[in-house]
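Taking my numbering, the leading residue of the sequence shown gets 6, the next gets one more, and so forth.
Backbone N, C-alpha and C fix where the C-beta goes; we use that ideal spot for every residue, glycine too.
These numbers come from a predicted model, not from an experiment.
The structure under discussion appears below in the form of structure tokens.
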Amino acid sequence: MNSTRVFIDGHWASPTSGEILDMVAPSTGEKIGTIARGAAADIDMAVKAARRAFEGPWGQMAAVDRGRLLSRLGQKILEHEDELTALEALDTGKALKLARNDIKAVARYFEFYGGAADKLHGETIPFLNGYQVMILREPRGVTGHIIPWNYPAQMFGRTLGPALAAGNAAVLKPAEEACLSCIRLTELAAEVGFPDGAINLVPGLGEEAGAALSSHPDIDLISFTGSPEVGVLIQKAAAENHVPCVLELGGKSPQIVFADADHGKAIETIVAALVQNTGQTCSAGSRVLIERSIYDQFMTQLSRRFKNLRAGPHQMDLDCGPVISKVQQERVLGFLERARADNIEIAAQGEVHAGASDGGYFVPPTLFRLVPRDHELAREEVFGPVLAAIPFDDEADAIRLANGTDFGLIAGVWTDSGARQMRMAKAIRAGQVYINGYGAGGGIELPFGGFKKSGHGREKGFEALREFTVAKTVVFNHG
Ligand code: ADP
């Protein structure tokens with residue numbers, strides 16, 4: 006594997022600096038390899054290669070042929086499913102079954118967008134007599150992609166799938182904490198025959214390679230998923246060059262349970278949507294809002310389920326793996342300690358498996374009861390297996406509470422009342438609202454993105470193709 010190289014203009018090469026970065030397995034804390042420490046010079050070469058590709062063979066390729074390449078990559082990923090699953094689990098610490106889902110999902114992204122490439126239709130507009138107006142949907146040009154470490158493989162497909170389908174040439178900067186699957190996926194993309202420069206990959210540090218990409222003057226759009234703080238830096242850098250951004254910045258998504266809901270079904274989904282990827286999911290349902298009349302009874306059931314949760318190394322395939330790094334472990338444990346200091350009661354706590362390595366970054370899955378509405382556990386993204394339970398009085402209170410954070414990514418509403426389902430769906434300010442269900446991750450067909458500090462722009466589905474294209478109005482005066 007070309008793990009210490011950058012991929013620019015169809016070739017693997019050492020980064021200009023010649024430097025490398027160590028990669029560590031979260032399950033053990035041990036070194037598992039090295040990656041290239043790409044920086045500004047590599048980013049500049051990658052952007053230039055992408056520009057040449059966009060103005061050359063890639064830009065001139067028919068949509069149907071672009072689509073075929075994407076579909077072929079999807080197929081190739083499935084042929085390497087076991088290998089990619091093992092690599093993703095080792096690199097991120099996620100349980101094998103989740104890593105396998107992620108690999109199936111990245112294949113599906115390329116299949117979906119491969120099929121969509123030649124279905125991006127424009128429009129015509131009725132205008133004055135003697136005129137014909139058409140709207141062309143054109144690719145943006147060169148797109149920059151900066152992705153996080155929580156779902157490296159899925160993010161690769163989620164961001165590159167629509168960008169390439171729409172005809173853009175891309176430069177991807179994966180996260181320094183976990184990016185081995187992105188390197189392998191790029192190798193597979195090279196094998197299926199994308200023209201040189203259509204896909205470029207520059208691993209490296211955020212403040213070096215990432216900053217160089219977001220501030221590059223020859224980028225036409227930046228797509229970023231990560232923290233709100235870095236989202237601000239990206240937008241400021243892009244603003245200097247008047248470059249638009251698509252930003253997905255996380256959430257504090259509520260699961261809202263009314264008395265008339267199917268409690269058993271709700272509990273299974275609420276637990277799964279929180280512990281999935283050890284809580285390190287932007288759309289994790291990290292607040293459970295429970296109608297006061299059923300609060301005690303529901304919490305008893307939820308606590309029983311929570312107590313049985315187990316965290317352990319990725320190969321054990323338990324409910325949770327480790328979190329990604331020592332820094333992240335300390336951050337999550339910091340939330341637990343401050344909650345204890347603030348006398349917030351733990352309703353239930355799972356266990357770290359006795360066989361887990363002391364060097365791994367484990368955190369016990371934890372459910373807090375009666376979390377005050379203004380406490381950080383109720384408002385801030387923990388990005389760990391920590392669930393905050395909060396009672397509400399009535400529908401109006403539930404809406405106030407659901408919308409009462411800086412975020413607005415997704416929400417789950419659990420109720421049997423059809424009218425209430427519709428009222429809640431309309432009142433909640435979030436990019437996705439699930440009724441009697443929840444969909445953290447996956448859902449390739451479903452437009453996804455934030456309100457408020459969760460970001461702006463939409464990914465997934467056909468909406469992503471809109472983001473990666475721009476409308477051009479052509480007016481014919483034919484008399
Ligand atoms: P997290 O807190 O989840 O690690 P970050 O926002 O720090 O999320 O990282 C997400 C992605 O942004 C990573 O690829 C990281 O390298 C990149 N990144 C971090 N800092 C910067 C920066 N200053 N400019 C551009 N990219 C950055």
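Same chain only: Cβ atoms within 7 Å of Q488, ignoring 5 sequence neighbours per side: Coverage of the chain is limited to positions 6 through 484, which leaves residue 488 absent and any answer about it impossible.
Complete alpha helix (DSSP H) runs within the segment 209-242 (minimum length 4 residues, chain order): 216-219
Anticipated Cβ contact below 8 Å, R113 with G127, distance rounded: Contact doesn't hold; Cβ gap of about 27 Å is too wide.
Beta-carbon contacts of E296 that lie in its chain and below 7 Å, excluding the five residues immediately before and after: V262, F263, A264 and F397
Span of the beta strand (DSSP E), counted from its first residue to its last, around L252: C250 to E253
Those runs of the alpha helix (DSSP H) which lie wholly inside the segment 90-160 and span at least 4 residues: 101-121
8 Å Cβ cutoff met for E356 and R315: yes
Three-state class that DSSP yields for G43 in the structure shown: strand
Straight-line Cα distance separating A194 from D49: 21 Å
Heavy atom of the ligand ADP within 7 Å of P222 beta-carbon: no
Among E24, Q437 and A244, the one whose alpha carbon lies nearest that of A216: A244
Start-to-end residues for the beta strand (DSSP E) that takes in P396: V391 to F397
Beta-carbon proximity check, C187 vs P144, cutoff 8 Å: no
Complete alpha helix (DSSP H) runs within the segment 314-396 (minimum length 4 residues, chain order): 331-346 and 381-384
Cβ pair S228, T148 closer than 8 Å: yes
Rounded separation between R309 and D301 - CA only: 12 Å
Three or more C-beta pairs below 8 Å linking the segment 20-30 and the segment 163-171: no
Straight-line Cα distance separating R463 from P452: 6 Å
G135 and N408 closer than 8 Å at C-beta: no
Pair within 8 Å by beta-carbon distance, K99 and H268: no
heavy atom of the ligand ADP below 7 Å from K257 C-beta: no
Under 8 Å between C-beta atoms of M6 and V479: no
Element boundaries [beta strand (DSSP E), containing E296]: R292 to E296
Supposed contact pair L414 and G444 - C-beta distance, whole angstroms, cut 8 Å: With 8 Å as the limit, G444 and L414 do not qualify as a contact, their Cβ atoms being about 11 Å apart.
Cβ pair K81, E196 closer than 8 Å: yes
Near the ligand ADP: L206 beta-carbon under 7 Å from a heavy atom: no
Assigned secondary structure, V207 (DSSP; H/G/I helix, E/B strand, else coil): coil
Spatial distance of P131 from V52 (CA atoms): 39 Å
Through-space distance from P233 to M429, alpha-carbon basis: 26 Å
Per-residue DSSP class, three states only, for K458: helix
Validate contact between the segment 330-337 and the segment 375-382 using beta carbons, cut 8 Å, 3 pairs: no
Nearest to K257 (by Cα), restricted to the options Y118, I152, V293 and D47: V293
Reduced DSSP category for K431 - H, G, I as helix; E, B as strand; rest coil: helix
For M304, the first and last residue of its enclosing alpha helix (DSSP H): Y300 to K312
Nonlocal neighbours in the same chain, by C-beta distance under 7 Å from W154, ignoring five residues either side: T97, A180, E182, A183 and I329
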